[in-house]
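All remarks here apply to the structure that follows.
2 protein chains.
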Amino acid sequence: MKRNTSHASASDELRISRRKPKTGTLGKALEVLDVIALSEKPPRFTDLLGLIDQPRGTLHRQISNLVAEGLVSVNADHSYVPGLRLLKLAARSWSGNSFRQLAEPHIARLHDETGETVHLGLMNGLEVIYLDKIESKQTVRMHSQVGNASPLYCTGVGKAMLALLPEEDCAARAAEFDYVRHTETTLYTPELLLGEMAEIRSSGISYDREEHEPGIRCIAAGLGSLESGIIAGVSVTGPAFRISQDEMTAWKSLVLETARAIESDMEARLGPRSQE
Amino acid sequence: MKRNTSHASASDELRISRRKPKTGTLGKALEVLDVIALSEKPPRFTDLLGLIDQPRGTLHRQISNLVAEGLVSVNADHSYVPGLRLLKLAARSWSGNSFRQLAEPHIARLHDETGETVHLGLMNGLEVIYLDKIESKQTVRMHSQVGNASPLYCTGVGKAMLALLPEEDCAARAAEFDYVRHTETTLYTPELLLGEMAEIRSSGISYDREEHEPGIRCIAAGLGSLESGIIAGVSVTGPAFRISQDEMTAWKSLVLETARAIESDMEARLGPRSQE
DNA sequence: AATCGAGTTCCAAATAACGGAACTCTGAAT
DNA sequence: ATTCAGAGTTCCGTTATTTGGAACTCGATT
């Protein structure tokens with residue numbers, strides 16, 4: 000005789016949903032991995048002991064397991080770095096990602112037509128994760144940002160994606176950001192951010208007016224839907240010294256067309272059956 | 000007086016020495032993740048149940064934990080794909096990798112001088128993992144292989160790295176490969192493979208004469224050392240229809256110089272102190 | 001309505017993780 | 001050379017998590 004145990008009881012969950020998914024041992028191991036991955040310098044055992052609230056013996060075993068599994072490598076000087084297995088796992092995940100595959104020709108075309116750097120981003124919680132990128136010609140840095148995450152509130156694709164959400168969700172997320180005023184023009188309060196939403200919603204286009212990095216501008220469009228479970232965005236990015244705001248605006252229809260084209264491919268290929 | 004607890008009886012141990020690092024819960028979770036990452040099509044719950052020897056309830060919880068941690072995502076149709084968190088972790092691991100950073104300018108120069116695709120690979124067990132790549136100009140596929148793994152025996156960098164090992168280690172690995180004859184010219188036995196080693200050792204250069212993929216040729220040099228704990232390699236790859244074997248050979252000194260230059264940077268920057 | 005298949009939940013028993021303390025190693029100070 | 005301090009590692013009884021079988025729910029099919 001089973002009753003409704005009701006996993007998500009209304010009152011309990013109001014507080015804070017951060018960092019309490021109760022994933023047991025796995026969660027603890029990943030906390031360690033996260034700390035190692037996020038460290039600027041490869042941490043040594045004692046560094047980790049200070050950063051993670053675990054007894055010596057326990058932490059040591061956790062790290063040992065991570066090392067044994069190849070998720071973490073240990074240098075000669077006993078400092079720890081993320082392991083190659085992560086790269087391997089991520090590479091498979093990336094190259095097999097059907098959404099990315101589907102979007103690739105479209106962003107390639109957008110790149111050909113604009114000649115500037117093009118990004119494909121995916122919404123993930125309060126961040127945008129860059130799934131793909133095509134660099135402008137001779138830029139030195141390569142494939143740098145694939146897999147990188149940025150906050151939603153200060154990026155072109157991020158704002159475009161926010162605007163796709165129902166207003167209540169949008170406002171809820173706006174309230175959750177840890178706003179950092181990266182530049183003069185950063186929208187650093189929920190009010191400023193929400194103030195742009197109406198315009199983005201009606202035009203389908205959002206701009207990053209050097210809001211995240213000085214000298215970097217971008218035009219973006221959101222795509223996807225809640226039903227499909229995919230909220231994404233495409234953008235064209237360029238240096239402010241070469242691309243004026245007006246030139247950005249001129250790409251509006253190209254960017255919108257690209258977003259619409261990806262969406263129609265999504266319907267065609269992901270809709271009927273979730274075939275790869 | 001270690002007691003053999005239960006499942007792994009003595010006779011089983013003889014079978015296969017692979018996959019027995021005893022990493023407890025973490026290992027089991029990663030086995031699931033591996034299966035999901037390696038699947039061609041996103042598996043559904045029942046598929047996984049067939050592929051992994053675990054009872055329903057257990058497997059379900061393991062997957063739930065992976066999902067809760069963001070290592071796995073679940074599609075609308077209950078099929079599972081690797082999660083975005085993997086990309087994020089790997090991106091940090093990649094961009095923070097000090098060896099890659101150090102090698103980057105050198106392979107960039109090699110690319111400029113040859114005009115062809117250049118790879119940086121790292122030895123990992125019986126495989127080479129590509130740490131970085133600079134594509135030839137207008138190639139369509141981008142950052143495709145970073146993080147990808149290939150067998151040592153049929154790639155240019157792989158053979159070059161093998162040749163750096165002491166002969167006994169080299170022979171030991173040669174005996175362990177699961178040889179697949181990818182093309183006509185694949186070295187598909189330990190004897191064929193070891194037969195090339197002397198030449199590679201003396202010249203410092205190895206060739207992939209369409210041994211992995213038809214129509215793809217490459218010249219490579221190994222670098223690093225056992226003491227440093229890094230065994231790596233650089234290569235220039237090109238299509239056979241455009242690049243003759245002689246043209247490849249002409250790059251010999253460029254490739255060697257690049258390898259030596261990276262090595263001297265390693266000594267300078269990784270040697271004194273493992274500073275990032 | 002009944003059946004089947006797929007996915008999900010539950011709980012006592014089994015097992016793996018915990019954590020304090022003891023041990024070893026390394027390099028610096030005496 | 002000896003001592004010492006700090007870092008890293010191992011051990012083992014206790015504790016908490018994982019396990020795995022079975023029961024349950026939901027949807028599609030007959």
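Quick note, the sequences are listed as chains A and B, same order. In this text, residue positions in the first sequence follow numbering that gives the first Met the number 0: the first is 0, and each later residue adds one. In this text, residue positions in the second sequence follow numbering that gives the first Met the number 0: the first is 0, and each later residue adds one. Glycine residues also receive a C-beta, built at the ideal position from the N, C-alpha and C atoms.
Asked                                                                                                                                                             : Found
Suppose you measure from the CA of A/Leu70 to the CA of A/Arg84; what does that come to, to the nearest Å?                                                        : 5 angstroms
For A/Thr138, would you say it is in contact with chain B, using Cβ-to-Cβ distances shorter than 8 angstroms as the test?                                         : With a pLDDT of 48 at A/Thr138, under the threshold of 50, the modelled position of that residue is not reliable, and no figure is offered here.
In the DSSP assignment, find the alpha helix (DSSP H) that holds A/Gly276 and state where it starts and stops.                                                    : Residue 276 of chain A lies beyond the stretch modelled for chain A, which goes from 0 to 275, so this question has no answer here.
Between the region 234 to 254 of chain A and chain B, which residues of the former have CB atoms less than 7 angstroms from a CB of the latter, in chain order?   : none
Output, in chain order, the set of chain B residues within a Cβ distance shorter than 8 angstroms of A/Ser92.                                                     : Ala36, Val80, Pro81, Gly82, Leu85, Leu86
My output table needs one value for A/Asp52: the three-state DSSP class, helix, strand or coil.                                                                   : coil
Could you tell me whether the region 170 to 182 of chain A touches the region 102 to 116 of chain A, using the rule of 3 or more Cβ pairs below 8 angstroms?      : no
Taking C-alpha atoms, which residue in B/Lys27, B/Leu163, B/Cys153 lies nearest to B/Ala200?                                                                      : The amino acid occupying residue 200 of chain B in the given sequence is Arg; Ala does not appear at that position. Nearest C-alpha to B/Arg200: B/Leu163.
Could you check the C-alpha separation between B/Asp46 and B/His105 for me, to the nearest Å?                                                                     : 45 angstroms
Please determine, among A/Lys40, A/Lys21, A/Val34, A/Ile230, the residue with the shortest C-alpha to C-alpha distance to A/Leu58.                                : A/Val34
Would you decide whether A/Ser252 is buried or exposed? Buried here means 16 or more other CB atoms lie within 10 Å of its CB.                                    : exposed
Can you check whether the C-beta of B/Val117 is within less than 8 angstroms of a C-beta belonging to chain A?                                                    : no
A/Val139 to A/Tyr206, Cα distance in whole Å?                                                                                                                     : Note that A/Val139 scores 43 on pLDDT, short of 50, meaning its location in the model is unreliable and no value can be drawn from it.
At a Cβ threshold of 8 angstroms, is A/Glu256 touching chain B?                                                                                                   : no
Please name the residue in B/Asn96, B/Gly82, B/Gly95 whose C-alpha comes closest to that of A/Ala90.                                                              : B/Gly82
Using a C-beta to C-beta distance shorter than 8 angstroms, which residues of chain B count as neighbours of A/Ile128?                                            : Leu83, Leu86, Lys87
Chain A beta carbons: is any one of them nearer than 8 angstroms to that of B/Gly26?                                                                              : yes
Could you check what DSSP says for A/Tyr129 in three-state terms: helix, strand or coil?                                                                          : strand
Residue range of the beta strand (DSSP E) that A/Val235 falls in?                                                                                                 : 229 to 238
Which value, in whole angstroms, describes the spacing of the CA atoms of A/Ala267 and A/Leu50?                                                                   : 48 angstroms
Determine the DSSP secondary structure at A/Ile261, reduced to helix, strand or coil.                                                                             : helix
Considering only residues of the same chain and omitting the five flanking positions on each side of B/Glu184, which have a CB-CB separation below 7 angstroms?   : Checking the sequence, you will find Thr at residue 184 of chain B rather than Glu. The residues are Arg208, Glu209, Glu210.
Select from the region 208 to 237 of chain B all residues with a C-beta closer than 7 angstroms to any C-beta belonging to chain A, and list them in chain order. : Gly228
Note down, in chain order, every chain B residue with its Cβ under 7 angstroms from the Cβ of A/Gly146.                                                           : Leu86, Lys87, Ala89, Ala90
Could you check what DSSP says for B/Arg216 in three-state terms: helix, strand or coil?                                                                          : strand
With distances taken from CA atoms, which of B/Leu225, B/Val127, B/Ile215 is nearest B/Phe240?                                                                    : B/Ile215
State the start and end residues of the unbroken alpha helix (DSSP H) segment that holds A/Pro189.                                                                : 189 to 202
For A/Thr22, would you say it is in contact with chain B, using Cβ-to-Cβ distances shorter than 8 angstroms as the test?                                          : yes
Nearest-angstrom Cα distance between A/Leu186 and A/Phe176?                                                                                                       : 11 angstroms
Distance cutoff 8 angstroms, beta carbons only. Does A/Leu68 sit that close to anything in chain B?                                                               : The sequence shown places Glu at residue 68 of chain A, rather than the Leu named in the question. At least one chain B Cβ lies under 8 angstroms of A/Glu68.
Just tell me which of B/Gly232, B/Ala174, B/Tyr129 has its CA closest to the CA of A/Leu88.                                                                       : B/Tyr129
Let me see if you follow: with CB-CB separation under 8 angstroms, is B/Ala102 close to chain A or not?                                                           : no
Excluding the 5 residues flanking B/Val156 on each side, which residues of the same chain have their C-beta closer than 6 angstroms to its C-beta?                : Gly120, Val127, Ala219, Gly232, Ser234
Please list the partners that B/Leu32 has in chain A, where partner means a Cβ-to-Cβ separation under 9 angstroms.                                                : Leu88
Rank B/Ser94, B/Thr188, B/Ser227, B/Leu222 by C-alpha distance to the C-alpha of A/Ala148 and give the top, closest one.                                          : B/Ser94
Kindly indicate which three-state DSSP category B/Gly120 falls into: helix, strand or coil?                                                                       : strand
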